[in-house]
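Chemist:
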Amino acid sequence: MKPALVCTDLVKRYGDRTVVDRVGFHIDEGEAYGLLGPNGAGKTTTISMLVGLLRPDGGTVTVGGVDVAADPIAAKRLIGYVPQDIALYPELTARENLRFFGRLYALPRRELAARIGEVLELVGLADRADDRVETYSGGMKRRTNIAVALLHRPRLLILDEPTVGVDPQSRVAILDNVERLVAEGMSLLYTSHYMEEVERVCTRVGIIDRGRLMADGSKRELVAELGGSDRVELVVDGDVEATAEKLRAVEGVSEAVVTGTSSVRLLATGGRHLLPTLIAAASGTAAVTGVEVVEPDLEAAFLHLTGSTLRD
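This is the structure:
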């Protein structure tokens, strides 16, 4: 069976500015793939090209073997898309919204009626199906949008920041639904500003920054790129630049970067055991007033590759 998604060398320019620069990855059938990047990294532009909302300036996208540029209607029938912004008619009920979008997909009336009941049950809104969407909480609107995306039984589900602005209860419900769909064999592309969501849901991750795909692989593979280094955060009182320079010379430190007016981030082998040496090395230029050691994880890999946190 062909992969659920293959994109190759995607490029998007606005004037002289390249916002997506030769991005390429694939999603296998039944795989959950996370796309991570700080704000402005090019995630949403990439997704807009994947679903046919933007035409690439270079590269190709196929969904289930169908070329999105050559046959966009056929490709879109294979995609369920949940955008960042709510895409519903607030004056209609959830059932009426689903009926409207189902008719756009040309689902037969009898099949559509049954399918509406199934997806409303799945997202936990069967008891509110006939209430207007404008009366819903943010989380309920998100869950309705997911129901719309699932209505036509897509081959690939794309969720772009599906838990932004939702209440904790709805967030848990959304993640539970996503996990259930993946367990049932749904192919998934998932973006989020919450690292723990991606770690929970996805088996493979791509990290995008400044329009380029910096890394692609399983969590284990991405963490392995750090070479077993720990991330050490030091808060110092003194000359932070000079302190960073001294810390770079300590054996076992592979990187020391100034991250604020009084903070230095290091990558170091055996960070906890190295702390006395680091504090002693800093003593000539600054006093260490705070320490945090984080062993290798996906967050550390992200920081290493992009130089920023996921929410920057």
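Residue 12 in this note's numbering sits at position 22 of the sequence shown, and the numbers go up by one each step. Heads up, the beta-carbon is just placed ideally off N, CA and C, and yes, glycines get one too. What you are looking at is a predicted structure, and each value in this text was computed from that prediction instead of being measured.
#1: Check this for me: beta carbons of Ala271 and Val254, under 7 Å apart or not?
#2: Can you tell me whether DSSP reads Thr153 as helix, strand or coil?
#3: Is it buried or exposed for Val313, if we count other Cβ within 10 angstroms and need 16 for buried?
#4: Within 10 Å of its beta-carbon, does Leu88 have 16 or more other beta-carbons around it, so buried, or fewer, so exposed?
#5: So Leu68 packs on Val56, CB below 8 Å; how close in whole Å?
#6: Give me the residue from Ala65, Asp150, Asp47 with the minimum Cα distance to Ser182.
#7: Residues in its own chain within less than 6 Å of Val13 by CB, not counting five upstream and five downstream?
#8: Looking at C-alpha atoms only, which residue of Ser208, Ser244, Ala232 is the closest neighbour of Val222?
#9: Among residues of its own chain, excluding the 5 on either side of Val188, which ones have a beta-carbon nearer than 7 Å to its beta-carbon?
#10: Please report the straight-line C-alpha distance between Arg100 and Leu140, rounded to a whole angstrom.
#11: Does the region 281 to 296 come within contact of the region 254 to 263, defined as at least 3 CB pairs closer than 8 Å?
#12: I'd like to check one pair, Gly114 with Val156: are the Cβ atoms closer than 7 Å?
Modeler: For this structure:
#1: no
#2: coil
#3: For the chain, the structure presents residues -9 to 302; residue 313 sits outside this window and is missing.
#4: buried
#5: 6 Å
#6: Asp150
#7: Leu0, Thr36, Leu203
#8: Ser244
#9: Gly24, Leu26, Tyr180, Ser182, Val195
#10: 17 Å
#11: yes
#12: no
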